[in-house]
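Engineer: Residue numbers (mature numbering (1 follows the signal peptide of the UniProt record, and there is no 0)): -24 to -1, 1 to 296.
For each residue, glycine too, the CB sits at the ideal point set by N, CA and C.
Nothing here was measured: the structure is a model prediction, and the numbers come from that model.
Sharing a structure with you now.
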């Protein structure tokens, strides 16, 4: 899955490297949840001895909780994403499925210059174990604790020149929050005529679109389960389980199928998501029917044709 915010990391122009799957919106609007997915754990590349040595040579110094000083020789490159723990954490254990907050500072491997930093704003958030995250990041955090510091180097391509480059991140996990498996709250009876949502025993949704369903010209945001958590703001980062369909019933994306919810900023998704989820409460499940002008518009995106009305069922599990 890929959003323009790429889980909050585009401030450093590194999100595309850390997020493996999805499709991007080329219009001026923000991106949607992806139309494609890849099992990132099925074919994880193995770093060479040279890759490991290069990353282990990166020095990270400074007090915990503050942006560190990072030094390494110019010309650092790796053949595949490579990560190593710098300092173990002393807080709570990190577990798959948790919402992990982390700060990091990034550098360009070629000239060892700073590219950006979350320490200058808000921490980033990922779901540990999410298959949409680059495997090296999941692997380096596996079995660690809150407070762990690590370095990850990622081969990429300079978007302006097309030349190969390597990005180097020094990261620190600042918090870990347990995330519910599904929406919980009071069931809401939707009005007649909308797509019908059915949940299996795990909470995974399926949908039935009425044969005579008339695609709306305005956004539909129908609460199906009303949670009692915090009210979501349009600038929040949320953690959600979701599935998306076309109005012919074709599924194009599902976090349920990837085995983990996803975290992303509502400033970095299609307008239909931002408008439809802002004002909802954590714990809620929401049916979104999004006209194309609030989705991808006239631009095809992966398996989503141009001018498509999109249908989503979204479980809002947490807000950061």
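1. Given this structure, state the Cα-to-Cα distance separating residue 85 from residue 218, to the nearest angstrom.
2. Would you identify the three-state DSSP class for residue 284, choosing helix, strand or coil?
3. For residue 208, collect the residues of the same chain with a Cβ closer than 8 Å to its Cβ; drop the 5 residues on either side in sequence, then sort them by chain order.
4. Check whether the region 195 to 207 touches the region 224 to 240, counting contact only when three or more Cβ pairs, one atom from each stretch, lie closer than 8 Å.
5. Which runs of the beta strand (DSSP E) spanning at least 3 residues fall entirely within the region 224 to 250, listed in chain order?
6. Could you tell me the boundaries of the alpha helix (DSSP H) in which residue 116 lies?
7. Give the secondary structure of residue 100 by DSSP, where H, G and I count as helix, E and B as strand, and everything else as coil.
8. Suppose the cutoff is 6 Å on Cβ atoms and the five residues either side in sequence are ignored; what does the same chain contact list for residue -14 look like?
9. When we look at the beta-carbon of residue 271 and count the other beta-carbons within 10 Å, is it buried (16 or more) or exposed?
10. So the alpha helix (DSSP H) residue 27 belongs to, where does it begin and stop?
11. In chain order, what residues of the same chain have a beta carbon less than 7 Å from the beta carbon of residue 20, not counting five sequence neighbours either side?
12. Quick one: using the 10 Å Cβ neighbour count with 16 as the cut-off for buried, is residue 63 buried or exposed?
13. By how many angstroms is the C-alpha of residue 136 removed from the C-alpha of residue 144?
14. Counting Cβ pairs, one atom from each stretch, are 3 or more of them under 8 Å apart for the region 174 to 187 and the region 121 to 133?
15. Should the region 113 to 122 be called in touch with the region 167 to 178, which here means at least 3 C-beta pairs below 8 Å?
16. Give me the Cβ distance between residue 87 and residue 50, rounded to the nearest whole Å; I'm assuming they're in contact under 8 Å.
17. What does the Cβ neighbour count give for residue 260, buried or exposed, with the cut at 16 atoms within 10 Å?
18. Quick check on DSSP: helix, strand or coil for residue 95?
19. By how many angstroms is the C-alpha of residue 179 removed from the C-alpha of residue 246?
20. Return the CA-CA distance between residue 235 and residue 72, expressed in angstroms with no decimal places.
21. Classify residue 105 as buried or exposed, calling it buried when 16 or more other Cβ atoms lie within 10 Å of its own Cβ.
22. Mapping DSSP to helix, strand and coil, what is residue 195?
23. Measure the CB-CB distance between residue 226 and residue 268 and report whether it falls below 9 Å.
24. Are there 16 or more other CB atoms within 10 angstroms of the CB of residue 193, so buried, or fewer, so exposed?
25. Below 8 Å CB to CB, which residues in the same chain sit around residue 44 once its five sequence neighbours on both sides are set aside?
26. Should residue 133 be labelled buried (16 or more other beta-carbon atoms within 10 Å of its own) or exposed?
27. Just tell me which of 138, 29, 175 has its CA closest to the CA of residue 59.
28. Kindly list the residues whose CB is nearer than 7 Å to the CB of residue 17, restricted to its own chain and excluding five residues on each side of it in sequence; keep chain order.
Structural biologist: Straight from the coordinates:
1. As a first step, residue 85 is located in the chain shown; it is residue number 109 there, counting from the start. As a first step, residue 218 is located in the chain shown; it is residue number 242 there, counting from the start. The straight-line gap from Cα to Cα measures roughly 36 Å.
2. The residue you call residue 284 lines up with position 308 of the chain shown. Coil.
3. Here the question's residue 208 lines up with position 232 in the chain shown. If we look at residue 208 and ignore the five residues flanking it on each side, its Cβ neighbours are 214, 242, 253, 254, 255, 256, 257, 258, 292, 295.
4. no
5. 227 to 230, 238 to 241
6. Stepping through the chain shown from its first residue, residue 116 is reached at position 140. Element bounds for residue 116: 111 to 117.
7. Numbered from 1 along the chain shown, position 124 holds the residue referred to as residue 100. Note: residue 100 maps to strand in three-state DSSP.
8. Here residue -14 is taken as the residue at index 11 of the chain shown, counted from 1. Its pLDDT being 34, under 50, residue -14 is placed unreliably by the model, and the measurement read from it follows with that caveat. Result list for residue -14: 92, in chain order.
9. Start at 1 with the first residue of the chain shown, and residue 271 comes out as number 295. Looking at its Cβ environment, which holds 16 or more other Cβ atoms inside 10 Å, residue 271 is buried.
10. Looking up residue 27 in the chain shown gives position 51. Counting along the chain, the alpha helix (DSSP H) containing residue 27 begins and ends at 25 to 32.
11. The count along the chain shown starts at 1 and reaches residue 20 at position 44. So the list reads 111, once near-sequence residues are dropped.
12. Here the question's residue 63 lines up with position 87 in the chain shown. With fewer than 16 Cβ atoms within 10 Å of its Cβ, residue 63 is classed as exposed.
13. As a position in the chain shown, residue 144 is number 168, starting the count at 1. As a position in the chain shown, residue 136 is number 160, starting the count at 1. A straight-line Cα-Cα distance of about 18 Å links residue 144 and residue 136.
14. Segments in contact, no.
15. no
16. On the chain shown, residue 87 is found 111 positions in, with the first residue counted as 1. On the chain shown, residue 50 is found 74 positions in, with the first residue counted as 1. Indeed, because the Cβ distance is near 5 Å, the residues count as touching under 8 Å.
17. For the purposes of this step, residue 260 is taken as residue 284 along the chain shown, with counting starting at 1. By the neighbour-count rule (16 or more Cβ atoms within 10 Å), residue 260 is buried.
18. Mapped onto the chain shown, residue 95 falls at position 119. When DSSP states are grouped into helix, strand and coil, residue 95 belongs to the helix group.
19. Looking up residue 246 in the chain shown gives position 270. Looking up residue 179 in the chain shown gives position 203. Their backbone Cα atoms lie some 24 Å apart in a straight line.
20. Residue 235 sits at position 259 when you count from the first residue of the chain shown. Residue 72 sits at position 96 when you count from the first residue of the chain shown. Distance between the alpha carbons of residue 235 and residue 72 is about 10 Å.
21. The residue you call residue 105 lines up with position 129 of the chain shown. The residue is buried, with at least 16 neighbouring Cβ atoms inside 10 Å.
22. Counting from one through the chain shown, the residue named residue 195 turns up at place 219. DSSP places residue 195 in coil when its eight states are reduced to three.
23. By one-based count along the chain shown, residue 226 stands at place 250. By one-based count along the chain shown, residue 268 stands at place 292. For residue 226 and residue 268, no; Cβs fall outside 9 Å.
24. Your numbering for residue 193 matches position 217 in the chain shown. The residue is exposed, with fewer than 16 neighbouring Cβ atoms inside 10 Å.
25. Translated into positions along the chain shown, residue 44 becomes position 68. Excluding residues up to 5 positions away in sequence, 36, 37, 38, 81, 125, 146, 148 lie with their Cβ nearer than 8 Å to the Cβ of residue 44 in the same chain.
26. The residue you call residue 133 lines up with position 157 of the chain shown. So residue 133 ends up on the exposed side.
27. Within the chain shown, numbered from 1, the residue matching residue 59 stands at position 83. Of the listed residues, the one whose Cα sits closest to residue 59 is 29.
28. Numbered from its first residue, the chain shown carries residue 17 at position 41. Any reading at residue 17 needs caution, since the residue's pLDDT is 43, under 50, leaving its predicted position unreliable; the model's value is listed next. Contacts found: 107, 111.
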